[in-house]
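The structure appears below as structure tokens.
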Amino acid sequence: MNIRSKNHREVEKLQLTSQYTVEVEKSAKKSFKYREGELSKQTTKEKPRQSTMAGQVSKSSAQRLSRDLTCSICLDLFKQPVFLPCDHTFCQACIAGYWGGPRGQVQGGSGSCPQCRKVFPGQSYRPNRIVANIVESYCQGLEESGGLPGDMGVPERSSGPAPAPRCGRHREELKLYCEEDQELVCLVCGLSQEHRNHTMVCVQEAQQRYRASLNSSMDSLKGELNMALQCERETEEEVKKLKVRKTIVSHTYT
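According to the numbering used here, the sequence shown is numbered sequentially starting from 22.
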């Protein structure tokens, strides 16, 4: 009798323990589901916050870039940017108009920079092709991403056609490109003594020619970049193999 009652009590203990274990498991599952739900809610709340922060960062970067690509005269994105001997950049039409106005007139036909006020002999400038390419890529990136210049803090271009750039000396439209000096000139400058023996082509022809040359150079650079990346990947693989061999050798002789 004592043995049976003892066994009966042991069975009851096992049953109670089993029931307790089941209840604990149920409670743990409920707690886990609750925490999982709370975590998913927090994640859902964080997503818009993260996307808002990302939008603020991209907008801030675009605003900083737009300031660097803005002409200080017209307060618009550079159009046909040129740089002066002092290395400040302006729109070609803007600096020509500035020199033609009362503020830019200097005795002896000298030119002055509207930004640093430095005076240099002759009203001369050179095309800033680097800035021109950056502006073009920047505007193209905005169009592809669906962004509007005004939304990103970028000064919007006027809806009408941009005024044709004019010569700072003769106020004539710049229709020729000088191969030797690599600059746009007007018809009067093209016939002058300064450019008489230089090779002149029309602006449209020069644009097509240099665009094709630029595209060819870009294709060549892309090929070289792919080769460099391939060499880098192969080098990384060789480094990994050497590390494995080093580990094997160290285990063999230790």
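Here a beta-carbon is modelled for each residue, glycine too, at the ideal position from N, C-alpha and C.
Please confirm if the stretch 95-107 is in contact with the stretch 145-156, defined as three or more CB-CB distances below 8 Å between the two stretches. Yes, the stretch 95-107 is in contact with the stretch 145-156.
Is the distance from the Cβ of Cys95 to the Cβ of Pro102 below 8 Å? no
Between Ile155 and Ser241, what straight-line distance do the alpha-carbon atoms span, to the nearest angstrom? 20 Å
Residue from Met221, Arg232, Leu212 with nearest C-alpha to Asp303: Residue 303 is absent from the model: the chain starts at 22 and stops at 275.
Note down, in chain order, each residue of its chain lying with its Cβ closer than 7 Å to the Cβ of Asp172, except the 5 sequence neighbours on either side. Confidence is the limiting factor: at Asp172 the pLDDT is only 46, short of 50, which leaves the residue's position unreliable and the question unanswerable from this model.
Work out the CA separation of Thr256 and Tyr274 for me, nearest whole Å. 27 Å
Where Thr273 sits in the DSSP three-state scheme: Looking at Thr273 - three-state DSSP - the assignment turns out to be helix.
Coil, strand or helix - Cys8 by DSSP: There is simply no residue 8 to check, as the chain begins at 22 and stops at 275 in what is shown.
Candidates Arg138, Gln161, Arg187, Ala249: which alpha carbon is nearest Leu205's? Arg187
Measure the Cβ-Cβ separation of Pro135 and Tyr119 and say whether it is below 8 Å. yes
Among Ser213, Tyr198, Tyr231, which one has its Cα closest to the Cα of Arg190? Ser213
Which first and last residues belong to the alpha helix (DSSP H) in which Tyr119 is found? For Tyr119, the uninterrupted alpha helix (DSSP H) run begins and ends at 113-121, by DSSP.
With 8 Å as the threshold, decide whether the Cβ of Ile151 is near any Cβ in chain C. No chain C appears in the structure shown, which is made up of a single protein chain.
Between the C-alpha atoms of Pro69 and Arg88, what's the straight-line distance to the nearest angstrom? A caution first: Pro69 carries a pLDDT of 49, below 50, which makes its placement in the model unreliable, though a value can still be read off. Going from the Cα of Pro69 to the Cα of Arg88 covers about 28 Å.
From this set, Arg266, Leu235, His219, which residue's C-alpha is nearest Arg150's C-alpha? Leu235
With 16 as the cutoff for other CB atoms within 10 Å, does Tyr231 come out buried or exposed? exposed
Helix, strand or coil: which one does DSSP assign to Tyr159? Three-state result, Tyr159: helix.
Do Cys223 and Lys196 have their C-beta atoms closer together than 8 Å? yes
From Arg138 to Leu90, what does the alpha carbon distance come to, in whole angstroms? 20 Å
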